[in-house]
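Everything in the sequence shown is counted per UniProt numbering, starting at 1 for the first residue and increasing by one. Notes follow once the structure below has been shown.
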Amino acid sequence: DYDRIEQIFYDNLYFDKSGFVLKIPLLSLIRQISKDDIKIEKFDLTKYTYLLHHE
């Protein structure tokens, strides 16, 4: 996942039962990543198509 505003690449871990995603920052193009860049968001997986799934 890529945040165009913050210019950060994320690895997203989706929790199926709760419907939340944990967004873990991997790389920023403009600044150093901090723990404040970790995000937890409500997410509807049925709206999207994914190329990679891992357990």
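Cβ atoms here follow ideal geometry from the backbone N, Cα and C, with glycine treated the same way. Keep in mind the model is a prediction, meaning the values are calculated, not measured.
Pick out whichever of the options has its Cα sitting closest to the Cα of residue i.
i	options	result
L26	F20, F15 and Y10	Y10
K23	F15, K47 and L29	F15
K35	Y2, D1 and I8	I8
S18	Y2, S28 and I40	I40
F20	R4, D1 and F43	F43
Following the continuous beta strand (DSSP E) through residue i, name the residue where it begins and the one where it ends.
i	result
F43	Unbroken run through F43: none, as it is neither H nor E.
Please list, in chain order, all residues of the same chain as residue i whose beta carbon is under 8 Å from its beta carbon, the five residues on each side excluded.
i	result
I38	L22, K23, I24 and P25
Apart from the five residues just before and just after residue i, which ones in its own chain have a Cβ nearer than 7 Å to its Cβ?
i	result
L45	Y14
For the region 15-40, which segments carrying the beta strand (DSSP E) assignment without a break, of at least 3 residues, lie completely within its bounds, in sequence order? As far as the region 15-40 is concerned, its whole beta strand (DSSP E) runs of at least 3 residues are 20-28.
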